[in-house]
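Participant: Protein chains in written order, with the numbering used here: chain A, 1 to 115; chain B, 116 to 228.
Quick reminder that beta carbons are idealized off the backbone N, C-alpha and C, glycines included.
One structure follows; several queries about it will come next.
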């Protein structure tokens, strides 16, 4: 089974609108962390936001927020007021607790912001 | 503070040739990782290290070897390159806690002909 699933290969959003990128995860570990990264066309990986499994509140970082629904095992990224510079690939990732501390990435969602 | 650097940025190999990719970090991170990124596959973990002198296999380790002789460096070796190893390779590092994100290098684009 996939540990991280991103079901939207590509999405379009109008500039200044909000957009939600979906991510579901699968783990039996009670301690885990969820991350979102942005990869623009230039190729670098940029960290956006983090949510811990024990965090009571949804994480927010500027225009980014993470809609964390633990029971549904979903960690959707919400980008408010989209900008042209938000056009990029977005990857959801999970780090599980225990001794390994490995991070598993989803296959990504390509977001295109339309002027 | 350079963060995570990778050498080289681009390389073209012929089938059967060998090469080593170098990753260096100056953030005193305990953990280091090597990923490969292929179209439609996201990032897949090749090998990782939780400390100097230790390495472990990730999701797709076949055809690669690694070494971490110094805490700041993590080397990825291809002993006999194959066309299937054409990919973009990313190195990353992080602190040894659950909450810290990984810091990525700029990537190495490798083509095996």
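Identify each residue in the region 136-164 of chain B for which the Cβ-Cβ distance to at least one residue of chain A is less than 7 Å, and report them in chain order.
Facilitator: Cβ contacts with chain A come from 146, 155, 156, 157, 158, 160 and 163.
Participant: Going by DSSP in three states, residue 2 of chain A sits in which element: helix, strand or coil?
Facilitator: Against the first chain, residue 2 of chain A aligns to sequence position 2. DSSP places residue 2 of chain A in coil when its eight states are reduced to three.
Participant: Could you tell me whether the Cβ of residue 205 of chain B comes closer than 8 Å to any Cβ of chain A?
Facilitator: As a first step, residue 205 of chain B must be located in the second chain, where it is residue number 90. Closer than 8 Å to some Cβ of chain A, the Cβ of residue 205 of chain B qualifies, so yes.
Participant: Taking residue 71 of chain A as the reference, give the member of A/27, A/7, A/38 and A/8 with the closest Cα.
Facilitator: Translated into positions along the first chain, residue 71 of chain A becomes position 71. It is A/27 whose Cα lies nearest to the Cα of residue 71 of chain A.
Participant: Between the region 93-113 of chain A and chain B, which residues of the former have a C-beta closer than 9 Å to a C-beta of the latter?
Facilitator: Correct list: 93, 95, 96, 97, 99, 100, 101, 102, 103, 104, 105, 106, 107 and 108.
Participant: Quick one: which chain A residues come within Cβ less than 7 Å of residue 216 of chain B?
Facilitator: Counted from its first residue, the second chain places residue 216 of chain B at position 101. Correct list: 35, 47 and 50.
Participant: So, for residue 10 of chain A: in the same chain, excluding its five sequence neighbours on each side, which residues have a beta-carbon less than 8 Å away from its beta-carbon?
Facilitator: Along the first chain, read from residue 1 onward, the residue named residue 10 of chain A stands at position 10. Correct list, in chain order: 109, 110, 111 and 112.
Participant: Which residue's Cα is closest to the Cα of residue 3 of chain A: A/17, A/12 and A/23?
Facilitator: What you label residue 3 of chain A is simply residue 3 of the first chain in a count that begins at 1. Of the listed residues, the one whose Cα sits closest to residue 3 of chain A is A/23.
Participant: Mark residue 86 of chain A as exposed unless 16 or more other C-beta atoms lie within 10 angstroms of its C-beta, in which case mark it buried.
Facilitator: Here residue 86 of chain A corresponds to residue number 86 of the first chain, with the count starting at 1. The residue is buried, with at least 16 neighbouring Cβ atoms inside 10 Å.
Participant: DSSP three-state call for residue 84 of chain A: helix, strand or coil?
Facilitator: Locating residue 84 of chain A in the first chain gives position 84, counting from the first residue. Three-state DSSP puts residue 84 of chain A in a helix.
Participant: Considering only residues of the same chain and omitting the five flanking positions on each side of residue 38 of chain A, which have a CB-CB separation below 6 Å?
Facilitator: Within the first chain, residue 38 of chain A is the residue found at index 38, counting from 1. Closer than 6 Å at the Cβ level, and outside the excluded window around residue 38 of chain A, lie 46, 48, 88 and 90.
Participant: Beta carbon of residue 218 of chain B, beta carbon of residue 118 of chain B: below 8 Å?
Facilitator: Numbered from 1 along the second chain, position 103 holds the residue referred to as residue 218 of chain B. Numbered from 1 along the second chain, position 3 holds the residue referred to as residue 118 of chain B. Contact: yes.
Participant: What are the residues of the region 167-193 of chain B that lie near chain A, defined by any Cβ-Cβ distance shorter than 9 Å?
Facilitator: Flagged, chain order: 171, 173 and 174.
Participant: Leaving out five residues before and five after residue 171 of chain B in sequence, what residues of the same chain have Cβ atoms less than 8 Å from its Cβ?
Facilitator: Taking the second chain and counting its residues from 1, the one referred to as residue 171 of chain B is at position 56. Around residue 171 of chain B: 162, 163, 164 and 165.
Participant: Strictly under 8 Å for the Cβ-Cβ distance: is residue 44 of chain A near chain B by that measure?
Facilitator: What you label residue 44 of chain A is simply residue 44 of the first chain in a count that begins at 1. Taking Cβ atoms only, chain B reaches closer than 8 Å to residue 44 of chain A, which makes this a yes.
Participant: Excluding the 5 residues flanking residue 5 of chain A on each side, which residues of the same chain have their C-beta closer than 6 Å to its C-beta?
Facilitator: What you label residue 5 of chain A is simply residue 5 of the first chain in a count that begins at 1. Result list for residue 5 of chain A: 24, in chain order.
Participant: Look at the Cβ atom of residue 66 of chain A, then the Cβ atom of residue 51 of chain A, and state whether they are nearer than 8 Å.
Facilitator: As a working note, residue 66 of chain A is residue 66 in the first chain. As a working note, residue 51 of chain A is residue 51 in the first chain. Cβ atoms of residue 66 of chain A and residue 51 of chain A: closer than 8 Å.
Participant: Please check if any C-beta of chain B sits within less than 8 Å of the C-beta of residue 91 of chain A.
Facilitator: Position 91 of the first chain holds residue 91 of chain A. Yes, residue 91 of chain A counts as interfacial toward chain B.
Participant: Quick check on residue 125 of chain B - is its C-beta less than 8 Å from some C-beta in chain A?
Facilitator: To locate residue 125 of chain B, count along the second chain from 1; it is residue 10. By this cut-off, residue 125 of chain B is not an interface position.
Participant: With distances taken from CA atoms, which of B/122, B/133, B/174 and B/129 is nearest residue 193 of chain B?
Facilitator: Here the question's residue 193 of chain B lines up with position 78 in the second chain. Residue 193 of chain B has its Cα closest to that of B/133, out of B/122, B/133, B/174 and B/129.
Participant: Can you check the region 13-47 of chain A for any beta strand (DSSP E) of at least 3 residues that lies completely inside it and give the ranges in chain order?
Facilitator: Segments of the beta strand (DSSP E) lying fully in the region 13-47 of chain A: 19-21 and 32-39.
Participant: For chain A, check one thing: does any of its Cβ atoms lie closer than 8 Å to the Cβ of residue 222 of chain B?
Facilitator: The sequence position of residue 222 of chain B within the second chain is 107, counting from 1. Closer than 8 Å: yes.
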